[in-house]
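Just below is one structure, and these are the notes that go with it.
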C-alpha cells in the first residue's frame, strides 16, 4: 500500500516537473522569437 502511494507521488512529481520544464522551454522560445523579429 505504501509502495503504491510512493509510485503515485513519484508519477505526480514527474508530471508537474514536465509541465514546469515545458513552461520554461516556452519562455526561452518566446525570448528567441522576440529577439529574431
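Numbering (our numbering), first residue to last: 3 to 39.
C-beta atoms are modelled at their ideal positions from N, C-alpha and C, and glycine is treated no differently.
| Query | Result |
| --- | --- |
| Where residue 36 sits in the DSSP three-state scheme | helix |
| C-alpha gap between residue 22 and residue 3, whole angstroms | 29 Å |
| Rounded straight-line distance, which links the Cα of residue 27 to that of residue 9 | 27 Å |
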